[in-house]
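If you read the sequences in order, they're chains A and B. Residue numbers are given in my numbering: position 244 of the first sequence equals residue 244, and the series is strictly consecutive. Residue numbers are given in my numbering: position 398 of the second sequence equals residue 1398, and the series is strictly consecutive. No residue lacks a Cβ here, since even glycine has one placed at the ideal position from N, Cα and C. Bear in mind that the values here come from a model prediction, so they are computed numbers and not experimental data. Report on the following structure.
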Amino acid sequence: MGILALYLIGIAALCGAGVFYISRHFRRQNSSVMSHIQRRKREPYLFLFPTLLLLVLMFAYPLINSSIMAFQYYKLTAPDKVYFNGLDNFRKLFADSDVWLIIRNSLLYVVASVAGQFVLGLTLALTLKKPFPLKGLYHAIVFLPWAFSAFVIGLIQRWSFNGEYGVINNLLMKLNMISEKVAWLGTPGLSLFVVIIAMIWMGVPFFAIMILAAMQSIPADVYEASYIDGCGPLRRFFRITFPYIQPTIIVTVLLRTIWIFNSFDLIVVITNGGPANYSQTLPSYMYTKAFSGYDFGLASSLGVMLMAVLVVYVTLFLRVTQYNKAGDF
Amino acid sequence: MLKKLSVLAFVLVLAVSSLVAAPSAEKPAKATELRFIDVSPSPTRQEYFTKTFDKFKQETGITVVYESVPWDDAANKLTVLGASNQLPDVMTTWAGWLGQFTEAKWIVPLNEYIGTTTDEYAKTVTQLVWKSEKELYGNIYTIPDGMMVKGVFVRKDWAKDAGLKLDPKKGWTYKDYFDAVYKLTDSSKNHYGTSFRGSRGAFDPLFVYLESFNGGAAYSADGSALFDSSESLEAYKRWNGLYLDGAAPKDAINWGFVEMVSNFTGGLTGTLINDSEVAATCIENMTAAQWTVMPMPRSDKDGKIYNTVNSPYAYSISASSKNKDASWKLIQFLTRPDNNIEYCKLTGLIPIKTAVGNDPFYGPNGPYATFVQQLNDPAMVVPCAFGPFNYTDMHQGTMHEEMQKYLLGKQDAATSLANVSNELEKRMKEYLAANPGSAVEKPKGLF
């Protein structure tokens, strides 16, 4: 109740501050002291203020706190024994014999999932661009996986790939593609492959929606001119379609990479990182460390490392793809 | 417009302030209310608890609010609640969490509450559970909800087809058990000999098997682990050989409790080592002609039955409870002979009070005959637990991961066993050094 009261007071103070600030702004608008240019300069910050304040409250505190915890001995089961331990958590992390396996899994998981989602999403968007009967219904069906929760998709995959009763083994045996049942979830390599399949299936609609929306904004007269000039389909795609949708692709790949890199729900539901960490990625490992060993210090050091990796990735990605220049014609 | 906005903000602040101030205003005295959390919920259990709490309210006027958390998330939820000082008054607690809970001082000792009433409890409670808690943690922290002992659930029909002559009264040795598992495996029928546990909890039955070569002990007096002998290594290989030789499905490397039980009752596996509580699931899902229970195998070395006897979800009182006396009243009510026997029958446990008498359900012709028979067997010994230290992280990770690496051929058996054994030894020695006067637990018998 105390926390709720503090929270309500915080929100009320926020609203009050916002109203006060806005009213002051309008009052000043009438005065001739402040120049018009200065007011225009301040305006964006004024409207950003409430959102920024909320972001600081909701994200900055956990972020700063977990950065501090990364350098502490912090076990949830021993709350009286919290102390700073320097770089011990990072040393412990890299001393783990499985850490390189987990880093390799993470890279494979992200690259394969993003690539699969991109290729299939682009194909789907190109297919859906042209009108055909029952297009609306088809739209609804193919976009359905995006609406499912990861938990549901995880359970479907877990049962589909069950070594004894799974529909996948049954299907492959009927098609004479395998002669013996495959232990998909119990074999190193295959267990991660199952998670990647699930992630691709879940994320294809998002890529398709984004790319399709970008395609629909391409002016029709550009295509008309290409037809008149006798431009072939491949050339049309690479010279017209792709440059127009490039900014959308860059943003979508960037977003999906970050989301996939951070996601662990599918892994926890389908394999729980097993067998022997062969389908474990850095975030799922962090979750395991936080909620199996209750070692929040170690888990936070992993979190800080993840954050650093993502910052480097985003900076490099935007530079390499020349995002600022993308879409300029 | 500006005035209106200012007035609106003022009213909002006032409204929120009054809302915030309201709880601190003087309130009429409220009747006692307790929070109770069940860590293994099921419709049957929930119905029992809510019905019993209604009865409790009628008798005492104390209201009990029922909460639950699925077993798989229970350890996490209780840990988070404990760390934030919000644990419910009364909890159902698994014995494996006691090291962590007592270390963090989240639960209170019950010695004073129990007082001189120890005679009311069965020997399994006083001589095993409480004796062990006193040795490991210095006090009694739990009142068992019921007792359970392990047995080997066997497909009776498969055993008959395989020509196995199994007699629960006569028992068997581990050699007989391994032979039976291999004989029950028939890939042409999609039959596997055992519900092998490869994931979380995989080390539990294996640990007991390894201890059966050491007279039930896990450590020497100075805290050194006793699993570095060639005998232990051979036993480790023999146990895991069941999986490697194909007597269990390949997927079993990921199996925990749920998968083991469902694949036994579902007809994929022929044997299952588990607690007596599984009998209730077998009664519900299988015909009497399909299953039977054999006692845990006798040691090939000394002929004794090494078997764990514990309480699945014992009751404990949280240190943060503001109504500890009322909480104790609730525990007393739940374990009253009439309530306890009703609960035990529903959940497949053996009652904890001597006053329940000789109920035919637990007699020689009842479904729990083999379990009760083991408790009355002078050859039965309860081996030592992993240790008095906090081993939750090992139990949820290292132990089965090391085993999985061996099963997958990623490391040899000796390294796999040594990695677990060395870590246990390290923690045991650290515990002994940090707790002067403490000693290594000894195996216990009822006679």
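Would you kindly report the start and end of the unbroken beta strand (DSSP E) that includes residue i?
i, result
"tryptophan 1291 of chain B", "1291–1295"
"aspartate 1038 of chain B", "1033–1038"
"leucine 1226 of chain B", "No beta strand (DSSP E) contains leucine 1226 of chain B, which DSSP labels as neither H nor E."
"isoleucine 178 of chain A", "Unbroken run through isoleucine 178 of chain A: none, as it is neither H nor E."
"valine 1278 of chain B", "First-last for valine 1278 of chain B: 1278–1285, but that is the alpha helix (DSSP H), not the beta strand (DSSP E)."
"valine 1382 of chain B", "1380–1382"
Run through DSSP, which three-state label would residue i get?
i, result
"asparagine 1111 of chain B", "helix"
"leucine 1272 of chain B", "strand"
"methionine 1147 of chain B", "strand"
"serine 1068 of chain B", "strand"
"arginine 1155 of chain B", "strand"
"aspartate 307 of chain A", "In the sequence on display, residue 307 of chain A carries methionine and not aspartate. In this structure, methionine 307 of chain A counts as helix in the three-state DSSP scheme."
"asparagine 1310 of chain B", "strand"
"threonine 271 of chain A", "coil"
"leucine 1019 of chain B", "Since pLDDT at leucine 1019 of chain B reaches only 41, below the 50 mark, its modelled position is unreliable, and no value is offered."
"aspartate 1186 of chain B", "strand"
"threonine 1063 of chain B", "strand"
"tyrosine 294 of chain A", "coil"
"isoleucine 1350 of chain B", "strand"
In angstroms, rounded to a whole number, what distance separates the CA positions of residue i and residue j?
i, j, result
"proline 1364 of chain B", "lysine 1150 of chain B", "17 Å"
"leucine 1432 of chain B", "serine 1438 of chain B", "6 Å"
"glycine 1138 of chain B", "tryptophan 1291 of chain B", "41 Å"
"lysine 1329 of chain B", "proline 1337 of chain B", "14 Å"
"threonine 248 of chain A", "isoleucine 211 of chain A", "7 Å"
"alanine 1025 of chain B", "threonine 1032 of chain B", "Because alanine 1025 of chain B carries a pLDDT of 41, less than 50, the predicted location of this residue cannot be relied on, and no value is offered for it."
"alanine 220 of chain A", "leucine 172 of chain A", "45 Å"
"asparagine 1435 of chain B", "glutamate 1425 of chain B", "15 Å"
"arginine 1298 of chain B", "glycine 1445 of chain B", "15 Å"
"glycine 1256 of chain B", "leucine 1034 of chain B", "33 Å"
"valine 1420 of chain B", "histidine 1400 of chain B", "9 Å"
"glycine 1168 of chain B", "valine 1293 of chain B", "Sequence check: residue 1168 of chain B is proline here, not glycine. Taking the straight line joining both Cα atoms gives about 7 Å."
"aspartate 80 of chain A", "glycine 1099 of chain B", "16 Å"
"tyrosine 1313 of chain B", "glycine 303 of chain A", "35 Å"
Give the interface partners of residue i over in chain A, defined as CB-CB distance under 7 Å, in chain order.
i, result
"glutamate 1033 of chain B", "Ordered by position in chain A, no residue passes the 7 Å Cβ test against glutamate 1033 of chain B, which lies about 15 Å from the chain."
"glutamate 1423 of chain B", "Result: empty, since nearest Cβ-Cβ is about 12 Å, beyond 7 Å."
"serine 1199 of chain B", "Gly274"
"leucine 1268 of chain B", "Glu164"
Taking 8 Å as the CB-CB limit, is residue i close to chain B?
i, result
"phenylalanine 291 of chain A", "yes"
"leucine 147 of chain A", "The question names leucine, but residue 147 of chain A in the sequence shown is alanine. Taking Cβ atoms only, chain B never reaches closer than 8 Å to alanine 147 of chain A, which makes this a no."
"proline 275 of chain A", "yes"
"leucine 185 of chain A", "yes"
"threonine 51 of chain A", "no"
"serine 127 of chain A", "Position check: residue 127 of chain A holds threonine in this sequence, whereas serine was assumed. So no, threonine 127 of chain A is outside the interface."
How would you list, in chain order, the residues of chain B whose beta-carbon sits under 9 Å from the beta-carbon of residue i?
i, result
"aspartate 295 of chain A", "Asp1393"
"threonine 366 of chain A", "Since the first and last residues shown for chain A are 1 and 329, residue 366 of chain A lies out of range."
Quick one: which chain B residues come within Cβ less than 7 Å of residue i?
i, result
"threonine 77 of chain A", "Thr1079, Gln1100, Glu1103, Ala1104 and Asn1390"
"glycine 163 of chain A", "Pro1249, Lys1250 and Asp1251"
Which residue marks the beginning of the alpha helix (DSSP H) containing residue i, and which one marks its end?
i, result
"alanine 1413 of chain B", "1413–1434"
"threonine 1092 of chain B", "Threonine 1092 of chain B -> not in any alpha helix (DSSP H); beta strand (DSSP E) instead, spanning 1090–1093."
"methionine 215 of chain A", "190–216"
"valine 251 of chain A", "242–262"
"tyrosine 287 of chain A", "282–291"
"cysteine 1344 of chain B", "1337–1347"
"histidine 1400 of chain B", "1399–1407"
"glutamate 1120 of chain B", "Run containing glutamate 1120 of chain B: none; DSSP gives neither H nor E here."
"arginine 42 of chain A", "36–55"
Kindly list, in the order they appear in chain A, the residues whose Cβ is closer than 8 Å to that of residue i.
i, result
"asparagine 1365 of chain B", "Within 8 Å Cβ-Cβ: nothing; asparagine 1365 of chain B doesn't reach chain A, min ~35 Å."
"glutamine 1404 of chain B", "Gly274, Pro275 and Ala276"
"asparagine 1076 of chain B", "Phe291"
For residue i, go through chain B and note every residue whose CB falls closer than 8 Å to its CB, in chain order.
i, result
"threonine 281 of chain A", "Here the premise fails: no neighbours, minimum Cβ distance about 16 Å."
"threonine 271 of chain A", "Asn1254"
Taking 8 Å as the threshold (beta carbon to beta carbon), is residue i in contact with chain A?
i, result
"proline 1028 of chain B", "Since pLDDT at proline 1028 of chain B reaches only 45, below the 50 mark, its modelled position is unreliable, and the value read off the structure follows with that caveat. Output row for proline 1028 of chain B: interface = no."
"glutamate 1401 of chain B", "yes"
"asparagine 1240 of chain B", "no"
"asparagine 1339 of chain B", "no"
"alanine 1083 of chain B", "yes"
Which bits of chain A does residue i rub up against, with CB to CB less than 9 Å?
i, result
"leucine 1408 of chain B", "Gly186, Thr187, Pro188, Pro275, Ala276 and Tyr278"
"glutamate 1211 of chain B", "Ordered by position in chain A, no residue passes the 9 Å Cβ test against glutamate 1211 of chain B, which lies about 24 Å from the chain."
"asparagine 1111 of chain B", "Near asparagine 1111 of chain B there are no residues of chain A at all, since even the closest Cβ is about 23 Å away, more than 9 Å."
Any beta carbon of chain C sitting closer than 8 Å to that of residue i?
i, result
"leucine 306 of chain A", "Given the protein chain composition of this structure (A and B), no chain C is represented."
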